[in-house]
Amino acid sequence: MKRLGGKKKAGDIPLLICVFLMAVFGCLMIYSASSYTAGVQYGDKLYFVKKQLIGVLLGTAAMVGTCFIPYKKLIKFRYPAIIIAAILLALVFVPVIGITNYGATRWIGFGGVTIQPSEIAKYAYALFVAAYFAKNPEKVKTIKGVLPVLGVGIAFCVLIIIEPNMSITMCVGMLMLCLVFLSGTNLKTFAFILIPFAVAVPVLIILEPYRLQRLSAFLDPWASPKDEGYQLIQSLYALGNGGLFGTGLFNSTQKYRFLPFAESDFILSIMGEELGFFGLIIFFACCGFIVYRGFKIARNCKDRFGYLLASGFTLVYGIQVVVNALVVSGTIPPTGLPLPLISSGNTSLIITMASMGVLHNISRSD
68 MKRLGGKKKA GDIPLLICVF LMAVFGCLMI YSASSYTAGV QYGDKLYFVK KQLIGVLLGT
128 AAMVGTCFIP YKKLIKFRYP AIIIAAILLA LVFVPVIGIT NYGATRWIGF GGVTIQPSEI
188 AKYAYALFVA AYFAKNPEKV KTIKGVLPVL GVGIAFCVLI IIEPNMSITM CVGMLMLCLV
248 FLSGTNLKTF AFILIPFAVA VPVLIILEPY RLQRLSAFLD PWASPKDEGY QLIQSLYALG
308 NGGLFGTGLF NSTQKYRFLP FAESDFILSI MGEELGFFGL IIFFACCGFI VYRGFKIARN
368 CKDRFGYLLA SGFTLVYGIQ VVVNALVVSG TIPPTGLPLP LISSGNTSLI ITMASMGVLH
428 NISRSD
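What follows is the structure, given as structure tokens:
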């Protein structure tokens, strides 16, 4: 809808600026966290940064593109999105296509391109739920009406947990709960969903010995300082070494192969070491700004689909930031999860930036 004079609303430009600057900052931190390891393993200190810069360029293009694609058209892609996401998740288990690292098969590769399907599945699920409840607003009040949403969510969780990837499974589960709640369900229906979810968490932990080991390491990491507790201990050393003001950019000691996955899942630890407590406060303020703008866009949107879509995309980002922070600080058991817009990994970066473009497009609607 056009405003007076035929001009459309400018939309939430500060959101786009913040997202782009966060992605650029991510490249800086990836260089700091990975330069030594990249030099030793690949003979190129810029190895991870070069890959991330490609992701920033593609992500920026995707973000700009989705800014101008009317978000209401996305409702037509709700079924293709979940079908494609499910196929990609299943391809992880196909020999040759699926890629296994450190005992987990979470990626698929085509030529020189590697994709992590679970990152795509989160946003596909948010789109599906937003479209489903927008077209069937009355169904959110009944258990039967919510079953399709639960069915897709559980199917995604099953495919992700057997990779195995407990962290993303938890993110999808929390996303499911939050979206059903925001859709306006009643307490009876919400309790029907919440109780099995609460029961499933300890069951999933008990079923796999390695999860019990990680739980044990979380409760007392110094009981196994060279095994399951090693990564958490090194993360805590990094955060403790940073103190209030940090050791200074590029001055981390933990990045010298003491802390595994310093450029990806545990990059926040390196940030804490180099930038200190106050540096992390500023960083989380920027994350909070993105979440605030996202929910503000959702609140101001006048149609149900836009409200739920903006809420869903914002929740995907916000939930992952919170879970990653809790992991690296030892607040919850350690599990692999990238820090959105910051961690090394192009799938997460590109699709996150594209989702922010959708948020901007929603903010332009009247």
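Numbering follows my numbering, in which position 366 of the sequence shown is assigned residue number 433; successive positions increment by one, without gaps. By construction, the Cβ of each residue, glycine as well, lies at the ideal position given by its N, Cα and C atoms.
| Query | Result |
| --- | --- |
| Three or more C-beta pairs below 8 Å linking the segment 143–153 and the segment 210–227 | yes |
| Delimiting residues of the alpha helix (DSSP H) encompassing ILE221 | 210–228 |
| Alpha-carbon spacing of ARG70 relative to LYS363, whole angstroms | Summary for ARG70: the model assigns pLDDT 48, below 50, so the residue's position carries little reliability; its value from the coordinates is reported in the next sentence. Spanning the two alpha carbons is a distance of roughly 20 Å. |
| Environment of ALA352 [buried if 16+ CB atoms lie within 10 Å] | exposed |
| CA-to-CA distance, GLY218 to GLY310, given in whole angstroms | 46 Å |
| Residue interval of the beta strand (DSSP E) (run including ALA171) | 171–177 |
| Helix, strand or coil at THR167 according to DSSP, with G and I counted as helix | strand |
| Close-in-space but distant-in-sequence residues of the same chain around GLY346 (CB under 6 Å, 5 per side omitted) | GLY313 |
| Reduced DSSP secondary structure (H/G/I, E/B, other) of ILE182 | strand |
| Contacts around LYS369, its chain only, beta-carbon distance under 6 Å, and the 5 residues preceding and following it disregarded | none |
| Inter-stretch contact (C-beta, 8 Å, three-pair minimum) for the segment 198–207 and the segment 130–145 | yes |
| Among ALA77, LYS76 and CYS85, nearest to TYR359 - alpha-carbon criterion | CYS85 |
| Outcome for LYS322 when other beta-carbon atoms lying within 10 angstroms are tallied against a minimum of 16 | buried |
| ILE187: CB within 7 Å of a non-hydrogen atom of the ligand GTP | Here there are no bound small molecules, and the ligand GTP is not part of this structure. |
| GLY343 - containing alpha helix (DSSP H), residue span | 334–367 |
| Residue of CYS238, SER101, TYR374 and VAL161 minimising C-alpha distance to GLY412 | SER101 |
| Alpha helix (DSSP H) segment containing ALA152, residue limits | 145–158 |
| Three CB pairs or more closer than 8 Å across the segment 406–423 and the segment 323–334 | yes |
| Residue of PHE87, LYS211, ILE97 and THR209 minimising C-alpha distance to MET338 | ILE97 |
| Cα-Cα separation, VAL389 to THR209 | 30 Å |
| Opening and closing residue of the alpha helix (DSSP H) in which SER331 lies | Taken as a continuous stretch (DSSP letters only), SER331 belongs to no alpha helix (DSSP H), as it is neither H nor E. |
| C-alpha distance - VAL207 paired with GLU340, whole-angstrom precision | 45 Å |
| Touch test, the segment 117–134 against the segment 365–379, Cβ-Cβ under 8 Å, three pairs minimum | no |
| Chain-order list of residues whose beta-carbon lies under 6 Å from that of SER410 (same chain, five-residue window excluded) | SER331 and ILE334 |
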